[in-house]
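Residue numbers for the sequence shown, in numbering that gives the first Met the number 0: 0 to 342.
The next block holds one structure in the form of structure tokens; read it before the comments.
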Amino acid sequence: MTDERTLAVQLPSHLHIVDKAINAWPASTQWLRLNNSAATTTDEPASGATKLRRMLFETNELIVCPGVYDGLSARTALELGFSGLYMTGAGTTASRLGQPDLAIAQLHEMRENAEMIANLDPFGPPLIADMDTGYGGPIMAARTVEQYIRAGVAGAHLEDQVLQKRCGHLSGKKVVDREEYIARIRAAHAARVRMRSDFVLIARTDALQQYGYDECIARMKMARDEGADVGLVEGFTSKEQAAQAVKDLAPWPLLLNAVENGKSPTLTVDEARVMGFRIMIFSFATLAPAYLAIKETLMRLKTQGIVGTPKNVTPVTLFEVCGLKHSMSVDMNAGGASFKEGV
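Written out as structure tokens, the structure is:
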């Protein structure tokens, strides 16, 4: 006779996440409850969350997500065909507010930016987003998940720093106690269950700097048992430590946050793949190069009186990256005449 738990895991998640028998499972199996897609066998396009969940649990691929922070950086990543995108909180704070990553951006700024990026191509690669500490207690953590789901975000990481948090690659980080952290995770998981969503909940811990490796692993296991789908230990101090975390938490999938010149050693995509990481985000992949290019260009303008844009980068080129051809086709297919003379 087939075991009830086996049956439940095979069911679409929108059916089994509300099943009372599954809610009674031992905590150590809770993270498996949503490891199948909520999509049915209809021809309806899969949501970003369903795509991400399938990539995690139905393939062995390493999902590489460049960090994007605005429409142009996201459009460029889409143009190059990445399998996933990551909305960086540091980049969102810097680009939208001109401020450092010190808990200055709050839910409305983060959600609005994530919604814009996720819907540039609603049928394209899934978007993972930063949701910091959840912006409050359990009630706010749940509200954040609900708003991210409605915005079309496929998944997000929720961390254990104090509300006055800072970038994971700065010194002086402080984390809340285990109970407070797990309350955030529990509320976030319950919210996505209520929404009947495939939203991928990523539990992040920044406890390494303050309490050490063993505490991080303990927190990750607790978060996993409360329904988190993926783990993220921030700020590894060595490649060996990163590889050990994958082993210590297997088969639970782990995400690696790659920040060059940050607190952690630089790992390549190939190294992360060999270690067994399942998602790799590059938080500063577009933000740092943008700063360098903008500064260099403005210095040229200041000293030489010219911007110096390459001849193959025209206004039309940039607009095409941002969907010009689609906009033109919408107008022409509707019988409009705005573009009858071209652009």
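Even glycine gets a Cβ: it sits at the ideal position worked out from N, Cα and C.
- Boundaries (first-last residue) of the alpha helix (DSSP H) holding Met-274: Reading the sequence shown from its first residue, position 275 is the one you call residue 274. 268-274 is the span of the alpha helix (DSSP H), which, as asked, contains Met-274.
- In terms of residue numbering, what span does the alpha helix (DSSP H) encompassing Ala-154 cover? What you label residue 154 is simply residue 155 of the sequence shown in a count that begins at 1. Correcting the residue type first, residue 154 is Gly in the shown sequence and not Ala. Taken as a continuous stretch (DSSP letters only), Gly-154 belongs to no alpha helix (DSSP H), being part of the beta strand (DSSP E) at 154-157.
- Strand pairing of Ile-103, partner residues [DSSP]: Here residue 103 corresponds to residue number 104 of the sequence shown, with the count starting at 1. In the DSSP output, where bridge partners are listed per residue, Ile-103 has none listed.
- Query: Alpha carbon to alpha carbon, how far is Pro-65 from Leu-84?
  - Reply: Residue mapping note: residue 65 aligns to position 66 of the sequence shown, counting from 1. Residue mapping note: residue 84 aligns to position 85 of the sequence shown, counting from 1. Roughly 6 Å between the two C-alpha positions.
- Rounded to whole angstroms, what's the CA-CA distance from Glu-290 to Arg-142? Just pull it up for me. For the purposes of this step, residue 290 is taken as residue 291 along the sequence shown, with counting starting at 1. For the purposes of this step, residue 142 is taken as residue 143 along the sequence shown, with counting starting at 1. The identity of residue 290 in the sequence shown is Tyr, whereas the question assumes Glu. If you take the alpha carbons of Tyr-290 and Arg-142, they lie about 33 Å apart.
- Task: Identify every residue that forms a DSSP beta bridge with Arg-223.
- Result: As a first step, residue 223 must be located in the sequence shown, where it is residue number 224. Note: Arg-223 sits in no beta bridge, so no partner.
- Message: Taking the beta carbon of Asp-197 as the centre, do at least 16 other beta carbons fall within 10 Å, making it buried, or is it exposed?
- Response: Residue numbering aside, residue 197 sits at position 198 when the sequence shown is read from its first letter. Its Cβ being crowded by 16 or more others within 10 Å, Asp-197 is buried.
- Report the option in Gly-171, Glu-114, Pro-252, Ile-148 whose CA atom is closest to the CA atom of His-272. Position 273 of the sequence shown, counted from the start, is the residue given in the question as residue 272. Reading off the sequence shown, one finds Arg at residue 272, where the question assumed His. The option with the nearest alpha carbon to Arg-272 is Pro-252.
- Under the three-state DSSP convention, the category Phe-281 falls into: For the purposes of this step, residue 281 is taken as residue 282 along the sequence shown, with counting starting at 1. Looking at Phe-281 - three-state DSSP - the assignment turns out to be strand.
- Message: Just to confirm, is the Cβ distance from Val-152 to Arg-52 under 9 Å?
- Response: Your numbering for residue 152 matches position 153 in the sequence shown. Your numbering for residue 52 matches position 53 in the sequence shown. Taking 9 Å as the Cβ cut-off, Val-152 and Arg-52 do not qualify as a contacting pair.
- Item | alpha helix (DSSP H) segments (min. 4 residues) lying fully within the stretch 64-134 | 70-78, 88-91, 106-117
- Message: So if DSSP puts Leu-253 in a beta bridge, which residue, or which two residues, is it bridged to?
- Response: Counting from 1 along the sequence shown, the entry for residue 253 is found at position 254. DSSP output for Leu-253 lists Gly-230 as bridge partner(s).
- Task: Tell me, please, whether the stretch 181-194 touches the stretch 230-241 by the rule of three or more beta-carbon pairs shorter than 8 Å.
- Result: Short answer: they don't touch.
- Item | Ile-201: first and last residue of the uninterrupted beta strand (DSSP E) it sits in | One-based indexing of the sequence shown puts residue 201 at position 202. For Ile-201, the enclosing beta strand (DSSP E) has its first and last residue at 199-204.
- Query: Which of the three DSSP states, helix, strand or coil, is assigned to Val-144?
  - Reply: Here residue 144 is taken as the residue at index 145 of the sequence shown, counted from 1. Residue state, collapsed to three classes: helix.
- Item | Rounded Cβ spacing between Gly-167 and Glu-111 (contact assumed at less than 8 Å) | Along the sequence shown, read from residue 1 onward, the residue named residue 167 stands at position 168. Along the sequence shown, read from residue 1 onward, the residue named residue 111 stands at position 112. Incorrect: roughly 23 Å between the Cβ atoms, too far for contact.
- Query: Out of curiosity, what's the CA-to-CA distance linking Thr-132 and Glu-340?
  - Reply: Looking up residue 132 in the sequence shown gives position 133. Looking up residue 340 in the sequence shown gives position 341. Cα to Cα, Thr-132 sits roughly 51 Å from Glu-340.
- Status (buried if at least 16 other CB within 10 Å, exposed otherwise) for Met-298: Reading the sequence shown from its first residue, position 299 is the one you call residue 298. When all chains shown are included, Met-298 counts as exposed.
- With a threshold of 16 other CB atoms inside 10 Å of the CB of Glu-57, please say whether the residue is buried or exposed. Within the sequence shown, the letter at position 58 stands for residue 57. Exposed is the call here.
- Task: Tell me, please, whether the stretch 85-104 touches the stretch 315-327 by the rule of three or more beta-carbon pairs shorter than 8 Å.
- Result: no
- Task: In the DSSP assignment, find the alpha helix (DSSP H) that holds Arg-299 and state where it starts and stops.
- Result: Here residue 299 refers to the residue found at position 300 of the sequence shown. Arg-299 -> alpha helix (DSSP H) spans 286-303.
- Query: Three-state secondary structure (DSSP) at Val-175?
  - Reply: If you number the sequence shown from 1, residue 175 lands on position 176. Val-175 falls in the coil class under three-state DSSP.
- Task: Report yes if the C-beta distance between Ala-140 and Arg-183 is below 9 Å; otherwise report no.
- Result: By one-based count along the sequence shown, residue 140 stands at place 141. By one-based count along the sequence shown, residue 183 stands at place 184. For Ala-140 and Arg-183, yes; Cβs fall inside 9 Å.
- Can you check whether the CB of Ile-116 is closer than 9 Å to the CB of Asp-69? Along the sequence shown, read from residue 1 onward, the residue named residue 69 stands at position 70. Along the sequence shown, read from residue 1 onward, the residue named residue 116 stands at position 117. Against a cut-off of 9 Å, the Cβ pair of Ile-116 and Asp-69 comes out as a contact.
- Task: Indicate whether the contact test is met: 3 or more Cβ pairs, each with one atom in the stretch 299-309 and one in the stretch 89-98, closer than 8 Å.
- Result: They do not touch, by the three-pair rule.
- Grab the span of the alpha helix (DSSP H) containing Gln-208 for me, first residue to last. Position 209 of the sequence shown, counted from the start, is the residue given in the question as residue 208. Where Gln-208 is concerned, the enclosing alpha helix (DSSP H) stretches over 207-210.
- Task: Can you tell me which of the three DSSP states Gln-160 falls into?
- Result: One-based indexing of the sequence shown puts residue 160 at position 161. Looking at Gln-160 - three-state DSSP - the assignment turns out to be strand.
- Message: Whole angstroms are fine: how far does the CA of Glu-158 sit from the CA of Lys-220?
- Response: Here residue 220 corresponds to residue number 221 of the sequence shown, with the count starting at 1. Here residue 158 corresponds to residue number 159 of the sequence shown, with the count starting at 1. For Lys-220 and Glu-158, the distance between alpha carbons rounds to 14 Å.
- Proximal residues to Met-327 (C-beta, below 6 Å), its chain only, five neighbours per side dropped: By one-based count along the sequence shown, residue 327 stands at place 328. Contacts found: Phe-338.
- Message: For a quick check, are the C-beta atoms of Ala-202 and Ala-242 less than 9 Å apart?
- Response: Residue numbering aside, residue 202 sits at position 203 when the sequence shown is read from its first letter. Residue numbering aside, residue 242 sits at position 243 when the sequence shown is read from its first letter. Against a cut-off of 9 Å, the Cβ pair of Ala-242 and Ala-202 comes out as no contact.
- Over the uninterrupted alpha helix (DSSP H) stretch that includes Ala-241, give me the two end residues. Looking up residue 241 in the sequence shown gives position 242. That run of the alpha helix (DSSP H) goes 238-248.
- Query: Under the three-state reduction of DSSP, which class applies to Phe-56: helix, strand or coil?
  - Reply: The residue given as residue 56 occupies position 57 in the sequence shown. Correct three-state label for Phe-56: helix.
- Message: Please classify Met-109 as buried or exposed, where buried requires at least 16 neighbouring CB atoms within 10 angstroms.
- Response: Residue mapping note: residue 109 aligns to position 110 of the sequence shown, counting from 1. Burial call: buried.
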